[in-house]
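Residue numbers (my numbering): 434 to 658. The beta-carbon is built from N, C-alpha and C at its ideal position, and this holds for glycine as well. Note that this is a predicted model, so its numbers are computed, not measured.
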Ligand code: DX5
Ligand code: ZN
């Protein structure tokens with residue numbers, strides 16, 4: 434089985450207008466987003482609080498591409514079915530969120546979703562060595578999770594190592610945090626194929642000025658050519 438390894442841009446709606454999620458999702462998709470990245474934070478695993486399953490279910494009605502749900506919550510397992518019901522296509526859990534990442538990834542797949550595993554900047558690539566056969570995506574955090582607009586932390590070595598470890602397996606490498614036209618090229622060269630970007634996509638735009646979103650995404654795409 435092979436997967437699409439072309440570069441995909443996944444705007445994070447953490448940087449959208451929280452009073453306007455439906456229109457924001459429509460705008461980024463109309464402007465060329467490949468996936469929509471949804472950051473769920475619990476004020477426990479990370480020091481910030483966003484939204485839960487009912488809001489994610491409401492987003493689903495507007496997402497025509499791929500709804501990529503990034504859980505920054507602990508524990509994960511009790512919420513897996515709720516995010517399946519909410520319509521997540523990909524559900525990503527942090528390897529640091531509990532002692533049983535293997536069980537968590539199995540449960541995500543059993544609930545009918547693609548399974549992602551995320552690594553904080555301080556967590557080594559080796560921590561996912563034994564789950565690559567049951568994962569569809571590895572998310573390499575290039576900021577400490579919790580907030581948009583933080584300074585990029587260089588994880589190129591980790592991406593390169595993961596790309597080697599993954600080999601021919603159908604596993605995406607996603608980068609999350611501080612992605613912009615300056616940081617993207619090296620990450621893609623190292624093997625990443627999904628670029629999450631919040632501030633670098635939403636800055637300067639709005640639902641009344643969605644063309645800026647398109648220009649921002651094109652700037653990222655052009656940087657990697
Ligand atoms: C951080 C989130 C990211 C964040 C990225 O905890 O997981 O998805 O929104 O935002 P930027 O691109 O602004 O760093
Ligand atoms: Zn994220």
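Could you tell me the distance, in whole angstroms, from the CA atom of residue i to the CA atom of residue j?
{"i": "residue 483", "j": "residue 438", "result": "30 Å"}
{"i": "residue 525", "j": "residue 572", "result": "8 Å"}
{"i": "residue 491", "j": "residue 451", "result": "13 Å"}
{"i": "residue 623", "j": "residue 593", "result": "5 Å"}
{"i": "residue 611", "j": "residue 625", "result": "14 Å"}
{"i": "residue 644", "j": "residue 650", "result": "10 Å"}
{"i": "residue 646", "j": "residue 620", "result": "21 Å"}
{"i": "residue 448", "j": "residue 535", "result": "31 Å"}
{"i": "residue 446", "j": "residue 455", "result": "10 Å"}
For residue i, name the three-state secondary structure that DSSP assigns.
{"i": "residue 548", "result": "strand"}
{"i": "residue 616", "result": "coil"}
{"i": "residue 589", "result": "helix"}
{"i": "residue 506", "result": "coil"}
{"i": "residue 606", "result": "strand"}
{"i": "residue 444", "result": "strand"}
{"i": "residue 500", "result": "strand"}
{"i": "residue 640", "result": "coil"}
{"i": "residue 576", "result": "coil"}
{"i": "residue 489", "result": "helix"}
Applying the criterion that 16 or more other CB atoms from any shown protein chain within 10 Å of the CB defines a buried residue, is residue i buried or exposed?
{"i": "residue 527", "result": "buried"}
{"i": "residue 543", "result": "exposed"}
{"i": "residue 494", "result": "exposed"}
{"i": "residue 444", "result": "buried"}
{"i": "residue 648", "result": "exposed"}
{"i": "residue 549", "result": "buried"}
{"i": "residue 477", "result": "exposed"}
{"i": "residue 533", "result": "exposed"}
{"i": "residue 506", "result": "buried"}
{"i": "residue 691", "result": "Limits of the chain in this structure are 434 at one end and 658 at the other, which puts residue 691 out of reach."}
If we define contact as Cβ-Cβ less than 8 Å, is residue i a contact residue for chain B?
{"i": "residue 640", "result": "No chain B is part of this structure, which consists of one protein chain only."}
Quiz item: Three or more beta-carbon pairs under 8 Å between the segment 555–562 and the segment 512–520, yes or no?
Solution: no
Quiz item: Does the segment 599–606 touch the segment 579–587, meaning 3 or more C-beta pairs lie closer than 8 Å?
Solution: no
Self-check item: Whole runs of the alpha helix (DSSP H) within the segment 511–562, excluding any shorter than 4 residues
Solution: 513–519 and 534–543
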